[in-house]
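The listed protein sequences derive, respectively, from chains A and B.
Numbering that gives the first Met the number 0 puts the first residue of the first sequence at 0, with every later residue one more than the last.
Numbering that gives the first Met the number 0 puts the first residue of the second sequence at 0, with every later residue one more than the last.
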Amino acid sequence: MEKRATFGHWWIGIAFAIPQIILIFTFFYWPAGQAVYWSMTLQQPWGGGNIWVGLDNFRQILTDPLYWNSVVRSFVFALFSTLLAMGIGLVLAVFVDRELAGSKVYRVVMIWPYGIAAPALALAFRFMLAPEAGLLAFVNRLWPGLWDPGLDGTDAMIAVIVAFSWKYVGYNFVFFLSALQGIPKSLTEAAALDGAGWIRRLRDIQLPMLTPTVFFLLVIDITESFQDSFGIVDIMTSGGPARATELMVYKIYFDGFRGLDYSGAAAQSIILMILIVALTVLQFRFIERRVHYK
Amino acid sequence: MIERTPILNAVTHTVLFLGFLVAVLPFVVVAVAASHDLFHVNLVPMPLLPGGHFWENMTEAWTRADLGHKLLNSLIFAGGVAAGKVFVSAITAYAIVFFRFPGRQAIFWAIFVTLMLPLEVRIVPTYAVAANVLGPYQTILDVTGLTDLIAWISGIRLDLQFGLLNSYTGLILPLVATATGTFLYRQFFLTIPDELVEAAKMDGAGPIRFFVDILWPLSRNNVAALATIMFLWAWNQYLWPLLVTTDPTHATAVTELKQLIPNVGGVPEWNIAMAGTLIVMLPTLLVVVVMQRWFVRGLISTEK
Numbered sequence: 000m001e002k003r004a005t006f007g008h009w010w011i012g013i014a015f016a017i018p019q020i021i022l023i024f025t026f027f028y029w030p031a032g033q034a035v036y037w038s039m040t041l042q043q044p045w046g047g048g049n050i051w052v053g054l055d056n057f058r059q060i061l062t063d064p065l066y067w068n069s070v071v072r073s074f075v076f077a078l079f080s081t082l083l084a085m086g087i088g089l090v091l092a093v094f095v096d097r098e099l100a101g102s103k104v105y106r107v108v109m110i111w112p113y114g115i116a117a118p119a120l121a122l123a124f125r126f127m128l129a130p131e132a133g134l135l136a137f138v139n140r141l142w143p144g145l146w147d148p149g150l151d152g153t154d155a156m157i158a159v160i161v162a163f164s165w166k167y168v169g170y171n172f173v174f175f176l177s178a179l180q181g182i183p184k185s186l187t188e189a190a191a192l193d194g195a196g197w198i199r200r201l202r203d204i205q206l207p208m209l210t211p212t213v214f215f216l217l218v219i220d221i222t223e224s225f226q227d228s229f230g231i232v233d234i235m236t237s238g239g240p241a242r243a244t245e246l247m248v249y250k251i252y253f254d255g256f257r258g259l260d261y262s263g264a265a266a267q268s269i270i271l272m273i274l275i276v277a278l279t280v281l282q283f284r285f286i287e288r289r290v291h292y293k
Numbered sequence: 000m001i002e003r004t005p006i007l008n009a010v011t012h013t014v015l016f017l018g019f020l021v022a023v024l025p026f027v028v029v030a031v032a033a034s035h036d037l038f039h040v041n042l043v044p045m046p047l048l049p050g051g052h053f054w055e056n057m058t059e060a061w062t063r064a065d066l067g068h069k070l071l072n073s074l075i076f077a078g079g080v081a082a083g084k085v086f087v088s089a090i091t092a093y094a095i096v097f098f099r100f101p102g103r104q105a106i107f108w109a110i111f112v113t114l115m116l117p118l119e120v121r122i123v124p125t126y127a128v129a130a131n132v133l134g135p136y137q138t139i140l141d142v143t144g145l146t147d148l149i150a151w152i153s154g155i156r157l158d159l160q161f162g163l164l165n166s167y168t169g170l171i172l173p174l175v176a177t178a179t180g181t182f183l184y185r186q187f188f189l190t191i192p193d194e195l196v197e198a199a200k201m202d203g204a205g206p207i208r209f210f211v212d213i214l215w216p217l218s219r220n221n222v223a224a225l226a227t228i229m230f231l232w233a234w235n236q237y238l239w240p241l242l243v244t245t246d247p248t249h250a251t252a253v254t255e256l257k258q259l260i261p262n263v264g265g266v267p268e269w270n271i272a273m274a275g276t277l278i279v280m281l282p283t284l285l286v287v288v289v290m291q292r293w294f295v296r297g298l299i300s301t302e303k
């Protein structure tokens with residue numbers, strides 16, 4: 000789409016665009032290029048520049064079981080947190096969409112968790128799910144040692160997944176609800192007049208109309224689970240116990256800033272970048288679909 | 000709907016109420032835990048009624064993590080990022096939509112592609128840039144041989160240095176560029192009728208006048224939605240402030256929470272930790288509650 004009426008002073012136009020151009024060059028493209036460069040070189044320990052090693056860094060990472068551990072953990076985290084957040088968000092949206100008494104209150108409250116900083120909610124969940132105090136500790140009184148995210152990797156993973164999902168339920172809820180409300184009432188009313196019950200209408204009208212939203216949220220949730228999980232992991236488990244919750248971004252941070260292995264961290268960044276690019280491209284394909292539905 | 004569905008209605012109310020409980024429970028637990036003394040907060044099962052030590056714990060958390068100062072830092076940081084994003088994306092979209100110059104589409108796409116480069120994947124090199132923000136330009140000058148040329152002509156060897164670590168600029172500037180914001184404004188500007196531009200030009204308004212007096216007031220809704228979303232987003236940032244502010248004078252409230260985690264084997268002062276959590280949660284919670292309408296609108300429109 001193009002405008003017919005524009006201003007003639009093209010240099011003012013460029014002047015308006017320049018701040019953002021400088022920003023994205025300095026803080027996006029340069030670092031991204033730098034990451035590619037670092038991923039293919041090795042820094043000399045005592046200064047003296049970088050030596051070219053080609054794809055050696057990638058070879059090293061891809062044969063490192065610790066790296067694959069972080070990949071697997073990230074996908075487990077992404078899968079379960081997305082399922083949980085989307086599933087609960089969908090159920091709540093479907094029920095709020097029935098607009099019974101009080102649904103306005105639910106609509107307001109459900110989004111609150113999304114406003115909370117990941118580290119703050121992580122600290123809250125760390126307390127609630129702590130083995131010796133908080134809400135779950137009584138489990139250990141009944142069956143000693145059953146629940147301990149500080150020692151048991153599975154428990155720790157469950158804890159971070161629950162904390163992350165709690166935040167993203169409201170987010171998914173908002174999108175599902177807005178999609179549900181976009182479905183013409185005449186459709187569901189016609190179906191009801193034809194004798195379709197609530198479940199039938201849900202299955203044959205509402206859910207099919209939601210598929211674009213589902214795909215869209217699926218991609219967003221997975222991408223966010225790669226990015227927004229850092230604060231939760233850092234506060235709740237610090238990647239432990241025994242690397243059980245060491246997700247990809249956490250490992251990049253750890254190798255880069257604690258281990259000072261810039262080349263390894265850069266190579267990991269590039270792999271993550273490729274993953275996110277793939278997800279974003281997928282997302283735009285589905286957004287196109289979403290427009291076609293309307 | 001048309002039919003009577005008593006059972007379904009009961010199920011609806013039950014499920015929604017459960018959802019409500021789950022959404023609110025952590026807030027309640029944090030507030031309750033923040034009101035007990037050390038002994039009661041560690042009781043199993045945890046008491047669900049508030050105790051009488053609320054202000055005591057709040058003051059302790061406030062002073063221990065220096066939250067007054069840190070909240071001010073958070074406010075400057077989040078406010079700066081939100082204002083910067085709103086302003087920069089508005090003028091960029093203005094340039095792209097209302098002017099004709101070569102490379103216009105290329106600029107738009109270059110901004111759009113940054114969506115695929117979230118901070119988390121370029122964190123190490125971005126940190127290096129923040130350590131010397133002129134570094135990229137120095138490298139370009141070195142590689143192109145311009146440094147030698149300048150040294151030869153003027154006798155001065157250029158060494159561009161400007162560190163952004165431990166400064167508000169360093170916190171804010173790298174987060175100001177925004178693809179979603181630019182996209183949002185572009186979509187909005189495209190809906191402005193051509194007649195409005197023609198009329199403004201007829202009345203003698205130049206491009207800057209048109210932007211300030213007509214376009215900016217028209218986009219108030221966009222500004223409110225975008226500013227709310229971006230303020231929350233920035234306030235809740237953790238990784239970037241954690242790296243850039245090694246010195247506590249510029250640390251934000253969210254990164255300071257780490258100081259309050261009870262050590263394993265130490266005194267489990269969960270009451271203080273929860274009081275701190277509550278203090279850090281409250282500002283964003285307030286923004287969400289007060290700006291609910293803009294917040295939800297902003298969420299849905301920025302992600303489309």
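For every residue, glycine included, the Cβ atom is placed at its ideal position computed from N, Cα and C.
Taking Cβ to Cβ, would you say residue i is nearer than 7 Å to residue j?
| i | j | result |
| --- | --- | --- |
| SER164 (chain A) | SER80 (chain A) | yes |
| GLY239 (chain A) | TYR249 (chain A) | no |
| VAL175 (chain B) | LEU246 (chain A) | no |
| THR177 (chain B) | THR91 (chain B) | no |
| ALA233 (chain B) | GLY297 (chain B) | no |
| ALA34 (chain A) | PRO124 (chain B) | yes |
| THR279 (chain A) | PHE97 (chain B) | no |
| TRP37 (chain A) | PRO135 (chain B) | no |
| GLY7 (chain A) | PHE100 (chain B) | no |
| VAL279 (chain B) | LEU256 (chain B) | yes |
| PHE172 (chain A) | GLY88 (chain A) | yes |
| GLY133 (chain A) | MET45 (chain B) | yes |
| ALA100 (chain A) | PHE124 (chain A) | no |
| GLY275 (chain B) | ALA9 (chain B) | no |
| GLY114 (chain A) | LEU284 (chain B) | yes |
| VAL90 (chain A) | TYR105 (chain A) | no |
| PHE15 (chain A) | ALA94 (chain B) | yes |
| ALA361 (chain B) | VAL276 (chain A) | Only positions 0 to 303 of chain B appear in this structure, which leaves residue 361 (chain B) out of reach. |
| LEU133 (chain B) | LEU159 (chain B) | yes |
| ALA136 (chain A) | VAL43 (chain B) | yes |
Go through its chain and collect everything with a Cβ distance to residue i's Cβ below 7 Å, but skip five positions before and after it.
| i | result |
| --- | --- |
| GLY331 (chain B) | Absent from the structure is residue 331 (chain B), since the part of chain B shown begins at 0 and ends at 303. |
| GLN42 (chain A) | ASN49, TYR261 and SER262 |
| THR4 (chain B) | none |
| LEU122 (chain A) | ILE234 |
| LYS69 (chain B) | ALA250, THR251, ALA252 and GLU255 |
| LEU201 (chain A) | VAL93 |
| LYS303 (chain B) | Confidence at LYS303 (chain B) is low in this model, with a pLDDT of 45, below 50, so its placement is unreliable and the value that follows should be read with caution. If we look at LYS303 (chain B) and ignore the five residues flanking it on each side, it has no Cβ neighbours. |
| GLY152 (chain A) | PRO240, ALA241 and ALA243 |
Would DSSP call residue i helix, strand or coil?
| i | result |
| --- | --- |
| ILE228 (chain B) | helix |
| LEU7 (chain B) | helix |
| ASN49 (chain A) | strand |
| GLN236 (chain B) | coil |
| LEU241 (chain B) | helix |
| PHE100 (chain B) | coil |
| GLN42 (chain A) | strand |
| PHE161 (chain B) | coil |
| VAL290 (chain A) | At VAL290 (chain A) the pLDDT is 43, less than 50, meaning the model places this residue with poor confidence and gives no usable figure here. |
| VAL276 (chain A) | helix |
When burial is assigned at 16 or more other CB atoms within 10 Å of the CB, is residue i buried or exposed?
| i | result |
| --- | --- |
| MET127 (chain A) | buried |
| GLU2 (chain B) | exposed |
| ILE273 (chain A) | exposed |
| ILE110 (chain A) | buried |
| PRO130 (chain A) | buried |
| VAL28 (chain B) | buried |
| ASN262 (chain B) | exposed |
| TRP146 (chain A) | buried |
| LEU48 (chain B) | exposed |
In chain order, what residues of the same chain have a beta carbon less than 6 Å from the beta carbon of residue i, not counting five sequence neighbours either side?
| i | result |
| --- | --- |
| GLY169 (chain B) | ALA129, LEU163 and VAL243 |
| THR190 (chain B) | none |
Please list, in chain order, all residues of the same chain as residue i whose beta carbon is under 8 Å from its beta carbon, the five residues on each side excluded.
| i | result |
| --- | --- |
| ILE60 (chain A) | TYR66, GLY263, ALA266, GLN267 and ILE270 |
| GLY230 (chain A) | ALA116, ALA117, PRO118 and ALA121 |
Does residue i have its Cβ less than 7 Å from a Cβ in chain C?
| i | result |
| --- | --- |
| MET109 (chain A) | No chain C appears in this structure, whose protein chains are A and B. |
> Taking the runs of the alpha helix (DSSP H) that are 4 residues or longer, which of them lie wholly in the region 136-191 of chain A?
Replying inline: 136-141 and 152-181
> Can you list the alpha helix (DSSP H) stretches of 4 or more residues lying completely in the region 24-84 of chain B, in chain order?
Replying inline: 37-40 and 53-63
> Can you give, in chain order, each stretch of the beta strand (DSSP E) that sits fully within the region 110-136 of chain B and has at least 3 residues?
Replying inline: none
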